[in-house]
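Numbering (our numbering), first residue to last: 48 to 492.
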Amino acid sequence: MANILIRHAEIITMNKQEDIIHGDIRIRDNLIVEIGSGLEAQGDERVIDAMNRTVIPGFVQTHIHLCQTLFRGKGDDLELMDWLRKRIWPLEAAHDEDSLYYSAMLGIGELITSGTTTIVDMETVHHTDYAFQAIAASGIRALSGKVMMDQKNPEAPAALQEETAASLQESVDLLEKWNGYGNGRIQYAFSPRFVISCTEELLREVGSLSARYGVKVHTHASENPGEIELVQAMTGMRNVVYLDHLGLANDRLILAHCVWLDAEEKRILRERGVHVSHCPGSNLKLASGIADTPGMLQEHIHLSLGADGAPCNNNLDMFNEMRLAAIIQKPAHGPTAMDARSVFRMATIGGAKAVGMEEQIGSIEVGKKADLAILNLYNFHTFPSYDVDPISRIVYSATRADVETTIVDGEILMEKGLLKTVDKEVVLREANRSITRLLGKTRLA
């Protein structure tokens, strides 16, 4: 870590007042220690001149599958269950140690270069330690865990079907190795895939382990009508009701999607403090539907944003998710529904709340961790800037290409577009080698 002074910036703080100021940010080790104007460099501080630049809190994406980045372009034009059965499950089953490592690195490189500093990641059944190694080496902040699939399912490859005790034990082993690694930069999250793939015994024990270790549970729920029908046939209940029945519905639970909710499920989410990760790009591409995010916000349900996986999006770009989250609601709910500030809030401090770190990340404030992105909005597609809300410029006009510098935990991971911790050439080369190998194993075209 270096001591850093960022000078002359437009600063989108996302503090409680959502102040936007012009000035300087002083970083010592991994913390923001001073925000002001006219700050002078001290000692060995690295000075970054941010004239005509905008500094934002790093994006927090609360639903990502790094294990699937290699499958980009291999799951196009399918609905959820066919996408899983015909493409994703066979490819995940074929993963080896190297392919998982480079799949994770490929995704992390994309995330860092587009200003994401924290992710909630769900891996596949095997080789998860190698994804954690990639996360550790890259410097990104992450909550991650191995996916859990112990429900016997003839449509899932044998390599993805686990015994309950083994799934739980491997998860605990990974937790005890990685949770808290890197001064807390890496945390573990129990990751049962979804109700269809997990036994009641496993889900109940996940709830107990989550409470014992004080870590999050990350799973999917109510993404697709066909999935909900399967859950009801298995359990006699809808997704969220069943999770609540098992004791999992609490503020440690992060639920991806929640497109199809009834009134009872929304009540449970609100009363239990469950966090919902909205993934508009994935929901649209898989034809899953459009989540009622304006309604959820009105009911004070906690919302954040995620891109999901590369084969159902096909990118991991928070700028894309913010824009979609805003505009897809307007035809049904009117032009003021899901305004720019609401979705930017979801992408920053909302994500921080979902991971239980709102006192540490998600806004630019003294005492918080230095997780920041510096944007260059001095360009044709973002001008004129006069008398325009800077947050509106970011949500509706900016793109991932506008991210110049990304800092996580006080470490510069990318500066002026140059990655410092991910070797782009190696990762791109090994990504192609890896997917070639996996396709050979699966015989998928």
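Note that CB positions come from ideal geometry on N, CA and C, so glycine has one too.
Who are the Cβ neighbours of residue i in its own chain at under 6 Å, not counting the five residues just before and after it?
{"i": "Lys-497", "result": "No statement about residue 497 is possible, as the shown extent of the chain runs from 48 to 492 and does not include it."}
{"i": "Gly-192", "result": "Tyr-235, Ala-236, Phe-237 and Ser-238"}
{"i": "Arg-75", "result": "Asn-50"}
{"i": "Asn-271", "result": "Leu-127 and Ser-335"}
{"i": "Ala-203", "result": "Trp-136"}
{"i": "His-112", "result": "Met-169 and Gly-356"}
{"i": "Ala-420", "result": "Ile-103, Gly-105, Gly-162, Val-450 and Thr-453"}
{"i": "Glu-144", "result": "His-174 and Tyr-177"}
{"i": "Leu-460", "result": "Ile-159, Gly-186, Thr-453, Lys-467 and Thr-468"}
{"i": "Gln-198", "result": "Ser-244, Cys-245 and Thr-246"}
{"i": "Glu-92", "result": "Asn-50 and Leu-52"}
{"i": "Met-281", "result": "none"}
If you draw a straight line from the alpha carbon of residue i to that of residue j, how long is it in whole angstroms?
{"i": "Phe-237", "j": "Pro-437", "result": "37 Å"}
{"i": "Thr-19", "j": "Phe-106", "result": "For residue 19 there is no data in the structure shown, the boundaries of the chain being 48 and 492."}
{"i": "Glu-312", "j": "Ala-372", "result": "21 Å"}
{"i": "Arg-480", "j": "Gly-90", "result": "46 Å"}
{"i": "Gly-227", "j": "Asn-62", "result": "26 Å"}
{"i": "Glu-252", "j": "Thr-211", "result": "10 Å"}
{"i": "Ile-482", "j": "Leu-86", "result": "49 Å"}
{"i": "Tyr-177", "j": "Leu-466", "result": "21 Å"}
{"i": "Arg-484", "j": "Glu-247", "result": "36 Å"}
{"i": "Gly-414", "j": "Val-80", "result": "6 Å"}
{"i": "Arg-119", "j": "Asn-361", "result": "6 Å"}
{"i": "Thr-468", "j": "Ala-189", "result": "15 Å"}
{"i": "Leu-302", "j": "Gly-328", "result": "16 Å"}
{"i": "Ile-411", "j": "Ile-68", "result": "11 Å"}
{"i": "Ile-375", "j": "Tyr-260", "result": "38 Å"}
{"i": "Asn-10", "j": "Lys-416", "result": "Outside the modelled stretch of the chain, which goes from 48 to 492, sits residue 10, for which no answer is possible."}
{"i": "Ala-399", "j": "Gly-409", "result": "5 Å"}
{"i": "Val-435", "j": "Ser-444", "result": "11 Å"}
{"i": "Ala-140", "j": "Pro-201", "result": "14 Å"}
{"i": "Ala-88", "j": "Thr-266", "result": "45 Å"}
{"i": "Phe-427", "j": "Thr-101", "result": "15 Å"}
Identify, in the order they occur along the chain, each residue of the same chain with its Cβ nearer than 8 Å to the Cβ of residue i, setting aside the five sequence neighbours on each side.
{"i": "Leu-250", "result": "Pro-239, Val-242, Leu-290, Leu-293 and Leu-295"}
{"i": "Asn-297", "result": "Arg-319, Gly-320 and Val-321"}
{"i": "Met-284", "result": "Val-278 and His-292"}
{"i": "Asn-330", "result": "Glu-270, His-304, Val-306, Gly-336, Ile-337 and Ala-338"}
{"i": "Leu-475", "result": "Leu-153"}
{"i": "Asp-309", "result": "Arg-285"}
Is it right to say residue i is buried, meaning 16 or more other beta carbons lie within 10 angstroms of its own, or is it exposed?
{"i": "Ala-258", "result": "exposed"}
{"i": "Gln-404", "result": "As written in the sequence, residue 404 is Met, which differs from the Gln given in the question. Counting Cβ neighbours within 10 Å, Met-404 comes out buried, since at least 16 surround it."}
{"i": "Pro-104", "result": "buried"}
{"i": "Thr-383", "result": "exposed"}
{"i": "Phe-366", "result": "buried"}
{"i": "Gly-254", "result": "buried"}
{"i": "Glu-346", "result": "exposed"}
{"i": "Arg-490", "result": "exposed"}
{"i": "Asp-123", "result": "exposed"}
{"i": "Gln-64", "result": "exposed"}
{"i": "Val-473", "result": "exposed"}
{"i": "Asp-456", "result": "buried"}
{"i": "Arg-440", "result": "buried"}
{"i": "Gln-407", "result": "buried"}
{"i": "Ile-71", "result": "Before going further, note that residue 71 is Asp rather than Ile in the sequence given. Label assigned to Asp-71: buried."}
{"i": "Asn-286", "result": "buried"}
{"i": "Phe-430", "result": "exposed"}
{"i": "Ala-401", "result": "buried"}
{"i": "Val-94", "result": "exposed"}
{"i": "Ser-351", "result": "buried"}
To which residues does DSSP link residue i through a beta bridge?
{"i": "Ile-53", "result": "Ile-72 and Ile-95"}
{"i": "Ile-111", "result": "Asp-168 and Asp-355"}
{"i": "Lys-416", "result": "Leu-78"}
{"i": "Phe-106", "result": "Thr-163"}
{"i": "His-349", "result": "His-322"}
{"i": "Leu-16", "result": "The displayed coordinates of the chain run from 48 to 492. Any statement about residue 16 would go beyond what the structure contains."}
{"i": "Gly-83", "result": "Asp-71"}
{"i": "Ile-375", "result": "Note: Ile-375 sits in no beta bridge, so no partner."}
{"i": "His-267", "result": "Ala-303"}
{"i": "Ile-421", "result": "Val-102 and Thr-452"}
Tell me, please, whether the CB atom of residue i is closer than 8 Å to any CB atom in chain C?
{"i": "Ala-212", "result": "Note that chain C does not occur in the displayed structure, where there is just one protein chain."}
Excluding five sequence neighbours on each side, which residues of the same chain lie with their C-beta closer than 7 Å to the C-beta of residue i?
{"i": "Trp-130", "result": "Gly-122, Leu-333 and Cys-359"}
{"i": "Ala-181", "result": "Tyr-148, Ala-151, Met-152 and Ile-155"}
{"i": "Val-442", "result": "Met-369, Arg-370, Ala-373, Ala-387, Val-390 and Phe-391"}
{"i": "Thr-446", "result": "Phe-366"}
{"i": "Gly-464", "result": "Glu-451"}
{"i": "His-110", "result": "Val-167, Ala-303, Ser-324, Cys-326, Gly-353 and Asp-355"}
What are the uninterrupted segments assigned as beta strand (DSSP E) that are 3 or more residues long and contained completely in the segment 124 to 182, given in chain order?
-> Here the runs fully enclosed are 163 to 169.
Output the residue ranges of the alpha helix (DSSP H) runs that lie fully inside the segment 185 to 265 and measure 4 residues or longer, sorted by chain position.
-> 211 to 225 and 247 to 260
In chain order, which continuous runs of the beta strand (DSSP E) of length 3 or greater are located wholly inside the segment 436 to 461?
-> 450 to 455
Counting only runs of 4+ residues fully inside the segment 277 to 328, write out the alpha helix (DSSP H) ranges in chain order.
-> 286 to 292 and 310 to 319
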